[in-house]
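Participant:
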Amino acid sequence: PKSTILQRGAFILLEGCDRTGKSTQAEKLVAALNQRGHQARLWKFPDRTTGIGQMIHGYLAQGKDLNDQTVHLLFSANRWEAMDTLKTHLLQGTTLVVDRYAYSGVAFSAAKGLDLHWCKQPDVGLLAPDVTFFLDMPIEESMKRGGFGDERYEKVALQTKVREIFHALQEPNWQLIDATQAIAAIHDSLVHSSLQVIAAAKDAPLQCNLWA
Ligand code: 2DT
Ligand code: MG
Numbered sequence: 004p005k006s007t008i009l010q011r012g013a014f015i016l017l018e019g020c021d022r023t024g025k026s027t028q029a030e031k032l033v034a035a036l037n038q039r040g041h042q043a044r045l046w047k048f049p050d051r052t053t054g055i056g057q058m059i060h061g062y063l064a065q066g067k068d069l070n071d072q073t074v075h076l077l078f079s080a081n082r083w084e085a086m087d088t089l090k091t092h093l094l095q096g097t098t099l100v101v102d103r104y105a106y107s108g109v110a111f112s113a114a115k116g117l118d119l120h121w122c123k124q125p126d127v128g129l130l131a132p133d134v135t136f137f138l139d140m141p142i143e144e145s146m147k148r149g150g151f152g153d154e155r156y157e158k159v160a161l162q163t164k165v166r167e168i169f170h171a172l173q174e175p176n177w178q179l180i181d182a183t184q185a186i187a188a189i190h191d192s193l194v195h196s197s198l199q200v201i202a203a204a205k206d207a208p209l210q211c212n213l214w215a
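Take a look at the structure:
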């Protein structure tokens with residue numbers, strides 16, 4: 004009898020500033036991959052459903068004041084507490100489409116004034132994405148999309164700094180996406196690239212070496 008070797012899923016990350024279309028594209032990408040017979044699921048950071056996630060939500064919704072270092076560590080802990088689940092999904096062959104990750108963690112905290120090197124340390128050794136699609140557009144353009152809401156970080160000056168830091172964090176497996184394109188055009192290129200990434204990742208070991 005033929006033995007079947009389980010092929011792992013890919014870790015596909017979408018990053019970018021607010022209102023660049025990450026969540027829209029992440030949902031559409033999961034649907035398109037499932038339609039093509041790939042098991043795929045969406046994961047979002049921060050995950051506001053956990054105890055740590057609820058503390059983060061209280062802070063973002065402006066109700067609760069915490070110092071910048073504490074919030075930074077909570078966001079990181081919110082990723083660490085998900086690691087076993089994410090690894091299990093990937094090893095069972097499920098591709099994960101992740102909406103924000105440690106790059107958001109560093110970009111927002113460093114934009115508030117924390118040291119960039121310090122910011123990276125708590126996330127060292129997390130699962131590393133197989134690809135990062137960075138949805139990029141000028142902040143003035145994203146503002147035109149109905150403006151920002153009431154959460155703590157939804158301000159032009161901060162988002163402008165965040166965008167600069169994102170650019171400084173770029174790695175070889177990042178793909179820069181012009182987020183001013185039509186939704187369908189961005190979707191098509193994300194599907195195309197994701198299928199290649201899934202094919203390349205399926206026989207590769209999991210990489211638990213972010214920034215290591
Ligand atoms: P959403 O609008 O996507 O829910 O994000 N953030 C996010 C951080 O400051 N650090 C992190 O580690 C992550 C994942 C980005 C809510 C805000 O939280 C910021 C916007
Ligand atoms: Mg938001």
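The sequence shown maps to residues 4 to 215 in the UniProt record's numbering. Yeah, the Cβ is synthetic: ideal placement off N, Cα and C, and Gly gets one too. As the structure is a computational prediction, the values presented were derived from the model and not from experiment.
Measuring from the CB of leucine 63, is there a heavy atom of the ligand 2DT at a distance below 7 Å?
Facilitator: Here residue 63 refers to the residue found at position 60 of the sequence shown. Because some heavy atom of the ligand 2DT lies under 7 Å away, the Cβ of leucine 63 counts as near it: yes.
Participant: Output yes if chain D places a C-beta closer than 8 Å to the C-beta of proline 141; else output no.
Facilitator: Protein chain content of the structure displayed is limited to a single chain, and chain D is not contained in it.
Participant: Inspect the CB distances between the stretch 12 to 30 and the stretch 115 to 124 and report whether three or more fall short of 8 Å.
Facilitator: no
Participant: Expressed to the nearest angstrom, what Euclidean distance is found between the alpha-carbon atoms of residue 220 and methionine 86?
Facilitator: Residue 220 lies beyond the range of the chain shown here (4 to 215); nothing can be said about it.
Participant: What residue does the beta strand (DSSP E) around glycine 19 start on, and which one ends it?
Facilitator: Numbered from its first residue, the sequence shown carries residue 19 at position 16. Where glycine 19 is concerned, the enclosing beta strand (DSSP E) stretches over 14 to 19.
Participant: Measuring from the CB of glutamate 18, is there a heavy atom of the ligand MG at a distance below 7 Å?
Facilitator: Working through the sequence shown from its first residue, we reach residue 18 at position 15. No, Cβ of glutamate 18 sits at least 7 Å from all heavy atoms of the ligand MG.
Participant: Does at least one heavy atom of the ligand MG sit under 7 Å from the Cβ of aspartate 153?
Facilitator: Within the sequence shown, numbered from 1, the residue matching residue 153 stands at position 150. Result no, Cβ not under 7 Å from the ligand MG.
Participant: Between leucine 179 and arginine 11, which are expected to be in contact by the criterion C-beta below 8 Å, what is the C-beta distance as a whole number of angstroms?
Facilitator: Taking the sequence shown and counting its residues from 1, the one referred to as residue 179 is at position 176. Taking the sequence shown and counting its residues from 1, the one referred to as residue 11 is at position 8. Their Cβ separation, rounded to whole angstroms, is 26 Å, which puts leucine 179 and arginine 11 out of contact at 8 Å.
Participant: How many whole angstroms separate the CB atoms of threonine 98 and glutamine 42, which I take to be in contact at a CB cut-off of 8 Å?
Facilitator: On the sequence shown, residue 98 is found 95 positions in, with the first residue counted as 1. On the sequence shown, residue 42 is found 39 positions in, with the first residue counted as 1. At roughly 7 Å, the Cβ-Cβ gap stays under 8 Å, so threonine 98 and glutamine 42 are in contact.
Participant: How should aspartate 191 be labelled, buried or exposed, when 16 other C-beta atoms within 10 angstroms of its C-beta is the threshold for buried?
Facilitator: Mapped onto the sequence shown, residue 191 falls at position 188. Exposed: under 16 other Cβ atoms inside 10 Å.
Participant: If glycine 128 sits next to alanine 215, beta carbons under 8 Å apart, how far is it from one beta carbon to the other, in whole angstroms?
Facilitator: Numbered from its first residue, the sequence shown carries residue 128 at position 125. Numbered from its first residue, the sequence shown carries residue 215 at position 212. With 8 Å as the limit, glycine 128 and alanine 215 qualify as a contact, their Cβ atoms being about 5 Å apart.
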